[in-house]
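Residue numbers (my numbering): 40 to 176. Glycine included, C-beta positions come from ideal geometry on N, C-alpha and C. Data first, discussion second: the structure below is written as structure tokens.
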């Protein structure tokens with residue numbers, strides 16, 4: 040089974056509300072952070088770069104080991120499904136601007152477009168605006 044590639048790891052981090060921070064010292068010139076914890080793409084490369092052997096030391100450096108272990112076995116397809124599920128949860132939530140917009144689920148093209156937007160890091164307010172614009176057509 041093919042593990043999640045870097046691009047899908049980035050998309051999953053953004054969909055999980057990690058924010059992109061530009062940093063020339065970071066891998067690919069950026070890192071992703073949420074709640075003062077940094078997303079981990081590849082733990083072995085990170086440990087080597089920081090000269091750390093004990094993974095628990097990464098917590099002391101502000102890295103999110105819990106998310107890493109939760110998502111490390113994900114494939115690209117699994118990451119995309121996780122993002123899709125987040126949109127569906129927002130639709131069934133009472134606390135989201137997407138609440139009760141079940142018509143999204145019946146329109147595969149609209150749902151796929153919204154998944155792509157979510158992968159790029161857009162929040163529910165942007166998705167609701169996109170839904171509104173698309174429903175005018």
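For residue i, the three-state DSSP class (helix, strand or coil)
i	result
residue 70	strand
residue 86	helix
residue 76	strand
Range of the contiguous beta strand (DSSP E) that encloses residue i
i	result
residue 58	58-61
Check whether residue i and residue j have beta carbons under 7 Å apart
i	j	result
residue 153	residue 166	yes
residue 136	residue 163	yes
residue 113	residue 43	yes
residue 60	residue 79	no
residue 158	residue 130	no
residue 47	residue 115	yes
residue 77	residue 70	yes
Rounded Cβ spacing between residue i and residue j (contact assumed at less than 8 Å)
i	j	result
residue 160	residue 53	3 Å
residue 97	residue 85	7 Å
Extent of the continuous alpha helix (DSSP H) run through residue i
i	result
residue 150	147-158
residue 117	115-131
residue 98	95-99
residue 141	Per DSSP, residue 141 belongs to no alpha helix (DSSP H) and is neither H nor E.
residue 173	163-174
Among the options, nearest to residue i - alpha-carbon criterion
i	options	result
residue 138	155, 63, 86 and 171	171
residue 82	126, 76 and 94	94
residue 110	175, 100, 63 and 55	55
residue 65	47, 102, 96 and 74	102
residue 126	48, 147 and 92	147
Any non-hydrogen atom of the ligand SAM closer than 6 Å to residue i Cβ
i	result
residue 174	As far as ligands go, the structure on display features none, and thus does not contain the ligand SAM.
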